[in-house]
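A short write-up of the structure that comes next.
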Amino acid sequence: MSEHEHDHPDEHDPASHGREPLAGVDARDLHATVDELAEALHAYVETAVGVRAEFGAREADEDPRVLALEGRVGTLNARLYDLLHARLGLHADLTGMTWDDADADADAPVAPGDHDTFHLGFVVELPSTVSDLTLDAVIDLVDDGGAQIAHTLTERGYVVGEWGAGRGTPVLLDDEDDDEDDL
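Heads up: the sequence shown at position 32 corresponds to 31 in numbering that gives the first Met the number 0, and the numbers run straight through without jumps.
Below, the structure written as structure tokens:
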């Protein structure tokens, strides 16, 4: 199973994915998964602190104890995603990271040269019938769409310094890497 496939049926439950409000959802296993995830995160912090006390940053990043807990957190995140999707029809983006200034005024005027990054994501499944479609072919379509969007933005007067298409994880642009270095 690739990192893009999920171990759940291709069919969606009409109730959880429907247009009508969904009442009476038993959230106990959702809360249990969140509790398990919180425990794993606490274990990660404790382990990371201990490993860092023994080793330098690079060695700590590659320590098997740290990597095992990162894997556990990732597995629990996937489980929570699948539960939210199956029960509520949500495509929850709970593992993204944002370093926004919470006090920034969203309506403040922007100055020339101000910039931001934008992301567009797709969850793509193969049809339930036999076809010659492949998930590998999707990246070509996404790349073509990105080129069209970049062209349209440029035609409308925006400056598109860079763009990229990726599969599985968001594309990190140079500007985003620079922002992380400033932390």
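Heads up, the beta-carbon is just placed ideally off N, CA and C, and yes, glycines get one too.
Close beta carbons around Thr94, own chain, < 6 Å, minus the five adjacent residues each side
Asn76
So for His118, helix, strand or coil by DSSP?
In the three-state DSSP reduction, His118 falls in the coil class, being neither helix nor strand.
How many angstroms separate the CA atom of Glu61 from the CA atom of Thr46?
13 Å
Under 7 Å, do Pro169 and His114 count as touching if we go by C-beta distance?
Here Pro169 is not near His114, since their CB atoms are 7 Å or more apart.
Roughly how many whole angstroms lie between the Cα atoms of Gly144 and Leu83?
29 Å
His30: buried (16+ other C-beta within 10 angstroms of its C-beta) or exposed?
Exposed is the call here.
On a CA-only basis, which of Pro126, Gly165, Asp25 is nearest Arg86? Give me that one, please.
Asp25
How many Å lie between Leu132 and Val123 at the Cα?
11 Å
Classify Val44: buried if its beta carbon has 16 or more other beta carbons within 10 angstroms, exposed otherwise.
So Val44 ends up on the exposed side.
Reducing DSSP to helix, strand and coil, say where Ala39 ends up.
helix
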